[in-house]
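Asks: Line by line, the protein sequences are chains A and B.
Numbering-wise (the UniProt record's numbering), the first sequence opens with residue 1 and increments by one.
Numbering-wise (the UniProt record's numbering), the second sequence opens with residue 1 and increments by one.
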Amino acid sequence: MSSILIVDDSRLNVAYLQNILHTAGYEDIRLAYSALEAFRELGIEAEQHPKKRCDIDLVLLDIVMPDMDGIEACRTIKNTEMYQDLPIIFLTADRAHFEEAFGAGGMDFIEKGGPDYELLARVQSALRLKKEMDTRKNWEEKVQKDLQLAKHLQRSVLHAPLEEPGIRIHSRYMQSAEVSGDMFYWKMFSNRKCGVLLIDVSGHGISAALISMSIRSLLDSIVGLYRKPAEVCGELNRQMRLLFGKTRRSAYFTAIYLLIDLEQRELEYVNAGHPPGLLLKQNTAPVKLKGTTVPIGIKPDMKLDTVKLSYDAPCRIVLYTDGLVERPGLSIQFGIDRLEEYADSLHYVSNESFVDKLERLNRNREDDICIVSIELD
Amino acid sequence: MFSYRLQEQDGRMIVYCEGDIDIDAGDLIEEQLEPALQEQQQVVLNLEQVHFVDSSGIGLLIGLVQGLKEQERIVSLEHVQPEVMEVFELLQLDEILGKDVFS
């Protein structure tokens with residue numbers, strides 16, 4: 001049931017309006033004979049925000065009143081954040097007030113002395129609009145809460161930094177739309193080998209996150225069982241096509257997977273359509289871990305050639321998703337070159353502050369961003 | 001904002017694309033462009049006026065081109081801007097769609 005607040009210094013007028021509304025079936029009608037009484041009803045105290053939102057759905061507000069007039073009162077109510085959407089209809093006998101009244105945030109007006117049906121029609125349409133707005137707002141709040149919960153859930157499956165003899169891994173994970181299509185994973189094997197994977201599901205938001213989370217749930221067994229880049233990527237491709245191969249829009253992800261042998265100081269990788277990883281060593285030109293095959297989930301039979309290389313410790317390998325290097329209007333190659341140059345100037349910092357510094361490189365949150373840095377010594 | 005214009009030329013249907021190919025282009029490409037090309041034997045996507053394609057847009061292009069190729073149609077991409085070509089190369093789009101599409 002809707003609540004209506006009538007504000008008018010004329011008791012006669014208030015009684016008249018109350019009677020019409022009551023007869024039309026509105027039961028919850030509250031009365032105020034000045035702006036200050038209206039504020040008290042709404043919980044607006046001098047210079048203070050109300051603690052709790054009052055349940056009034058519509059205010060009928062007289063313009064000409066002693067002390068504070070209706071226009072000033074309307075401004076005060078509209079300046080109170082929780083009442084920004086509260087519809088206010090002015091009561092007036094003089095059209096000269098209209099411009100100022102609408103400027104103050106009034107939604108509509110009712111001419112005093114006009115017919116009852118006009119008053120009731122305007123009240124009804126204001127209340128209907130308010131109800132629709134409330135429904136939408138409640139829904140938005142519910143979705144927001146849901147997304148926040150999903151965001152925490154997604155973050156909870158990410159690995160904490162890894163610090164073992166000869167290897168340290170740190171990461172940064174930034175979700176553009178609360179949830180992200182990026183995902184990383186690593187696993188130390190008992191023979192001093194380490195597998196590191198970074199994926200970026202196409203698109204972003206909820207649908208990309210659903211894919212990244214479902215893939216995440218397979219990684220313990222896929223990486224644990226297959227270990228080697230070609231086998232891991234081949235199995236991911238098979239699973240991806242099994243799970244999402246029938247969707248109308250092509251669902252795919254780019255990925256880079258490295259298997260690092262800490263004893264032999266060798267690494268092998270497959271890069272499936274992902275921006276090049278960077279192998280950085282002081283006084284040596286950076287090495288790009290370039291694309292070797294198409295993204296995962298697109299083709300039933302993908303080429304799975306592995307690139308092998310050896311490294312000299314100490315060195316650092318940085319993997320990232322395209323959100324870090326992509327900017328509207330600029331070429332992605334430019335972003336990659338800039339990242340390479342910047343990353344290559346940061347040999348002196350710890351691995352953790354290294355990822356912090358890279359994170360600041362692109363504040364563009366249109367896309368998800370993920371950075372993984374592996375320090376080897 | 002993505003839009004396109006169709007023009008027939010020497011028995012080939014040229015699709016002059018304009019604007020960003022991203023998630024917002026999805027409905028237009030899937031619900032209007034795809035059906036409009038059903039009867040064409042040879043389709044050319046002219047990307048001269050396209051300066052940005054994101055990962056969702058790549059997905060749309062793959063869907064469109066593969067759909068046509070599965071029906072034995074001849075498809076090619078022309079006048080791809082350098083900054084867009086970089087993204088295509090990163091994702092190895094020629095490997096996905098076939099090198100003939102880029103000739």
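For glycine and all other residues, C-beta sits at the position ideal for the given N, C-alpha and C.
1) Identify every residue that forms a DSSP beta bridge with L61 of chain A.
2) Going along chain B, which residues have a C-beta under 9 Å from A294 of chain A?
3) Would you say L330 of chain A lies against chain B (beta-carbon separation less than 9 Å)?
4) Write down the C-beta distance between A255 of chain A and I296 of chain A rounded to the nearest angstrom, noting that I regard them as a contact closer than 8 Å.
5) Chain A partners of E83 of chain B, CB-CB under 9 Å?
6) For Y252 of chain A, go through chain B and note every residue whose CB falls closer than 7 Å to its CB, in chain order.
7) Using 8 Å as the Cβ pair cut-off and three pairs as the minimum, do the segment 12–32 of chain B and the segment 347–365 of chain A touch?
8) Considering only residues of the same chain and omitting the five flanking positions on each side of P276 of chain A, which have a CB-CB separation below 8 Å?
9) Take every Cβ of the segment 192–212 of chain A, pair it with every Cβ of the segment 45–60 of chain B, and state whether three or more of those distances are shorter than 8 Å.
10) Find the residues of chain A that neighbour F52 of chain B, judging by a C-beta separation of less than 9 Å, and give them in chain order.
11) Looking at the secondary structure, which residues open and close the beta strand (DSSP E) in which A255 of chain A lies?
12) In or out: R363 of chain A buried (at least 16 other Cβ within 10 Å) or exposed?
13) Helix, strand or coil: how does DSSP classify I20 of chain A here?
14) Does T284 of chain A come out as helix, strand or coil in the three-state DSSP assignment?
15) With the cut-off set at 9 Å, would you say residue 403 of chain A and M213 of chain A are in Cβ contact?
16) Would the beta-carbon of D261 of chain A fall within 9 Å of that of D322 of chain A?
17) Using Cβ-Cβ distances below 8 Å, what residues of the segment 279–303 of chain A are close to chain B?
18) Within 10 angstroms of the Cβ of S171 of chain A, are there 16 or more other Cβ atoms? Answer buried if so, exposed if not.
19) With a threshold of 7 Å on Cβ separation, who are the neighbours of G234 of chain A within its own chain once the five nearest residues in sequence on each side are excluded?
20) Would you say D94 of chain A lies against chain B (beta-carbon separation less than 9 Å)?
21) Let me check understanding here. Comparing Cα to Cα, which of A:E266, A:A32, A:A208 and A:L243 lies closest to K228 of chain A?
22) Along chain B, in chain order, which residues have C-beta atoms closer than 9 Å to that of R360 of chain A?
23) Cα separation between T306 of chain A and A177 of chain A?
24) Does the segment 139–159 of chain A come within contact of the segment 6–19 of chain A, defined as at least 3 CB pairs closer than 8 Å?
25) Among residues of its own chain, excluding the 5 on either side of residue 382 of chain A, which ones have a beta-carbon nearer than 6 Å to its beta-carbon?
26) Just to confirm my understanding: we take T284 of chain A, look at its own chain, exclude 5 residues before and 5 after, and list those with CB closer than 7 Å. What are they?
27) Going by Cα to Cα distance, which pick from A:S2, A:Y257 and A:L280 is closest to L339 of chain A?
28) Within 9 Å of any Cβ in chain B, is that where the Cβ of D200 of chain A sits?
29) Hey, could you find the ends of the alpha helix (DSSP H) G195 of chain A is sitting in?
30) Who are the near neighbours of E359 of chain A in its chain, counting only those whose CB is closer than 6 Å to its CB and skipping five residues on each side?
31) Distance check for P328 of chain A and Q49 of chain B, CA to CA, integer angstroms please.
32) Taking its Cβ as the centre, do 16 or more other Cβ atoms sit within 10 Å of E326 of chain A, making it buried, or is it exposed?
33) Are there three or more Cβ pairs, one per stretch, closer than 8 Å when the segment 86–101 of chain A is compared with the segment 19–33 of chain A?
34) Count the other CB atoms, across all protein chains shown, that sit within 10 Å of the CB of Q92 of chain B; report buried if there are 16 or more and exposed otherwise.
35) Taking the alpha-carbon of F189 of chain A as reference, which of A:S3, A:R249, A:T92 and A:D220 has the nearest alpha-carbon?
36) Based on the DSSP output, what are the partners of R12 of chain B in its beta bridges?
Replies: Based on what the coordinates show:
1) A:V7 and A:F90
2) For the sequence presented, residue 294 of chain A should be read as Val rather than Ala. The contacting residues are L91, Q92, L93, E95 and I96.
3) yes
4) 5 Å
5) G329, L330, S331, I332, Q333 and F334
6) G59
7) no
8) K288, L289, K290, G291 and I336
9) yes
10) P328 and G329
11) F253 to D261
12) exposed
13) helix
14) strand
15) Because chain A is modelled from 1 through 377, residue 403 of chain A falls outside the range shown and cannot be assessed.
16) no
17) G291, T293, V294, P295, I298, K299 and K303
18) buried
19) L304
20) no
21) A:E266
22) Residues of chain B passing the Cβ test: none, with the nearest at roughly 23 Å.
23) 34 Å
24) no
25) Chain A is shown only over 1 to 377; residue 382 of chain A falls outside these bounds and no answer can be derived.
26) none
27) A:L280
28) yes
29) Looking at the DSSP string, G195 of chain A is not in any alpha helix (DSSP H); the run it does join, the beta strand (DSSP E), is K193 to V201.
30) R172
31) 15 Å
32) buried
33) no
34) buried
35) A:D220
36) B:Q9
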